[in-house]
Amino acid sequence: MTTGTFNPYCAGAGTRPGVLAGRGRQLTMIDRLVAQFSGRRPAENIVWTGLRGMGKTALLKEALDRFRDAGWCAGYTEARRTAAFGETISSVLVQAEAHLGEGRTARALSWLTKMVAESDRPRAAPDVADRLGITGPGAATPGAALDALFVRLGESAADAGVGAVFVLDELQLVRRQDLAALLHASQAAEGLPVAFVAAGLPDLAVRLSTAGTYSERLYYDRVDWLGEPDVVEAITGPAAELGVSYAPDALARLVDASCSYPFFVQLFAEETWWQAGAPSDRPGTTVGLGEVVLGIAAGERRLAQGIYRTRLEKASPLERQFLAAMAAAGDARVAVGEIARALGRSVQALSPIRDRLIGKGLVYAPSHGRLDFAVPGFGAWLRGEGADA
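The numbering used here runs 1138 ahead of the 1-based position in the sequence shown.
Here it is as structure tokens:
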């Protein structure tokens, strides 16, 4: 058994938990994609949507590992507002080329290896984008260049009997015309073993639908709140591997504090583990309620000083007024009309502010005409300590 004073939980951004609980459906989607391409059959492009902290990035990285284990051409990148989409695509190819090795996949995709190696600055995504014709002075229209790239990549992968996958995070940050180009390229390569697996905030599906009709044929799935059995598994599983358990009342308190939110599961369990003296090297330890209470308190301090305050700093003065009015209405899903009345504005006048807050990931619309905070406890913090921030 592995021993040592370490923590099996981690609340870092994009880190994979010790147990990927409650995500069996998404992992099945990946396994089916692998099976389809391995059987030389077409498969749908996958789009996962959900709030921040739900574990979308962890899922994407798990998918990437499965693709690479199958010997596929695959790479991961996180989209940025400031990056040209051609560079985003090329960064995936640069990674993929680096992992291909000397096997049949590398030989079949030798054109890709050559494109990467012959760039002025080897393995630099902007140069590779220019050389592939996606960007630069001599580039064709973005759509045509991306079409050609997807088709060529798909044909080469088919010859090698493998798949090629672009793993794209934060896709909601990509401009509409680039989303349209991605959708068109996917359609151009239909039937070939090339695909993308992407993730983004809940409004990504709407953004894709406005970018092109092909978006209707994507395989969408929501990465959502965990069920109670999944929370229990995520907490007890990593500890059990080290011979550590939780007292029933301690576990119940941790489950309740997590609010079914994956980020909170990791945060409060991580802090509880430290409060218990990091019992990684003490098999047989039972973590008690007192340690959980201290761990939750430590986690709440981290939230107040970190994620809550950081999110508030993203908001403009008008957006802060909107958030304050929303928090004052309570912790339940709030009607936009109620916020409008509190601010003395019309619902229509508040629409741009609401849309900006949704785009920033601070709030989301769980149903028509209603809003909720994207992170549990944010409203309560705004009514208390956050009111003076």
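Every residue, glycine too, gets a C-beta built ideally from N, C-alpha and C. No experiment lies behind these values; they were computed from the predicted model shown.
Residue i, buried or exposed, once every other Cβ within 10 Å from all chains shown has been counted against 16
{"i": "L1461", "result": "buried"}
{"i": "E1451", "result": "exposed"}
{"i": "P1417", "result": "buried"}
{"i": "R1492", "result": "buried"}
{"i": "T1103", "result": "The structure shown does not extend to residue 1103, since the chain is modelled only from 1139 through 1527, so no value can be given for it."}
{"i": "L1175", "result": "The sequence shown places Phe at residue 1175, rather than the Leu named in the question. Buried."}
{"i": "T1351", "result": "exposed"}
{"i": "L1158", "result": "buried"}
{"i": "A1487", "result": "exposed"}
{"i": "L1500", "result": "buried"}
Extent of the continuous beta strand (DSSP E) to which residue i belongs
{"i": "S1505", "result": "V1501 to S1505"}
{"i": "G1338", "result": "V1332 to G1338"}
{"i": "D1359", "result": "Y1357 to R1360"}
Extent of the continuous alpha helix (DSSP H) run through residue i
{"i": "E1235", "result": "F1223 to L1238"}
{"i": "W1411", "result": "P1400 to Q1413"}
{"i": "W1210", "result": "W1210 -> no alpha helix (DSSP H), and no H or E assigned at all."}
{"i": "L1481", "result": "V1474 to L1481"}
Assigned secondary structure, residue i (DSSP; H/G/I helix, E/B strand, else coil)
{"i": "D1469", "result": "coil"}
{"i": "L1189", "result": "coil"}
{"i": "L1488", "result": "helix"}
{"i": "E1182", "result": "coil"}
{"i": "V1369", "result": "helix"}
{"i": "T1423", "result": "coil"}
{"i": "Y1384", "result": "strand"}
{"i": "G1299", "result": "coil"}
{"i": "V1305", "result": "strand"}
{"i": "L1509", "result": "strand"}
{"i": "D1341", "result": "coil"}
{"i": "E1523", "result": "helix"}
{"i": "A1216", "result": "In the sequence as presented, Ala is not what sits at residue 1216; that position holds Glu. Strand, per DSSP."}
{"i": "T1153", "result": "coil"}
Chain-order list of residues whose beta-carbon lies under 8 Å from that of residue i (same chain, five-residue window excluded)
{"i": "V1393", "result": "E1366, V1369, V1370 and I1373"}
{"i": "R1313", "result": "F1223"}
{"i": "R1154", "result": "A1196, K1199 and E1200"}
Best match in the options for proximity to residue i [C-alpha to C-alpha]
{"i": "A1470", "options": "S1505, D1362, M1167 and T1448", "result": "S1505"}
{"i": "V1305", "options": "A1196, W1363, T1410 and L1380", "result": "A1196"}
{"i": "Y1095", "options": "G1482, V1474 and V1485", "result": "Absent from the structure is residue 1095, since the part of the chain shown begins at 1139 and ends at 1527."}
{"i": "E1429", "options": "A1407, A1414 and R1439", "result": "A1414"}
{"i": "W1210", "options": "G1444, S1229, L1171 and K1194", "result": "L1171"}
{"i": "G1507", "options": "Y1214, S1489, G1338 and A1282", "result": "S1489"}
{"i": "G1150", "options": "W1519, Q1404, Q1459 and G1468", "result": "Q1404"}
{"i": "R1206", "options": "E1235, A1480, E1408 and K1194", "result": "E1235"}
{"i": "I1184", "options": "R1355, A1327, G1329 and R1449", "result": "R1355"}
{"i": "A1343", "options": "P1455, S1353 and V1335", "result": "S1353"}
Contacts around residue i, its chain only, beta-carbon distance under 6 Å, and the 5 residues preceding and following it disregarded
{"i": "E1182", "result": "Y1357"}
{"i": "A1395", "result": "F1406 and I1434"}
{"i": "G1426", "result": "A1385 and A1388"}
{"i": "V1472", "result": "M1464 and L1509"}
{"i": "A1467", "result": "E1476"}
Neighbourhood of residue i by C-beta distance below 7 Å, restricted to the same chain and skipping five residues each side
{"i": "G1160", "result": "L1364, G1365 and D1368"}
{"i": "L1531", "result": "Beyond the ends of the chain as shown, which are 1139 and 1527, falls residue 1531; an answer cannot be given."}
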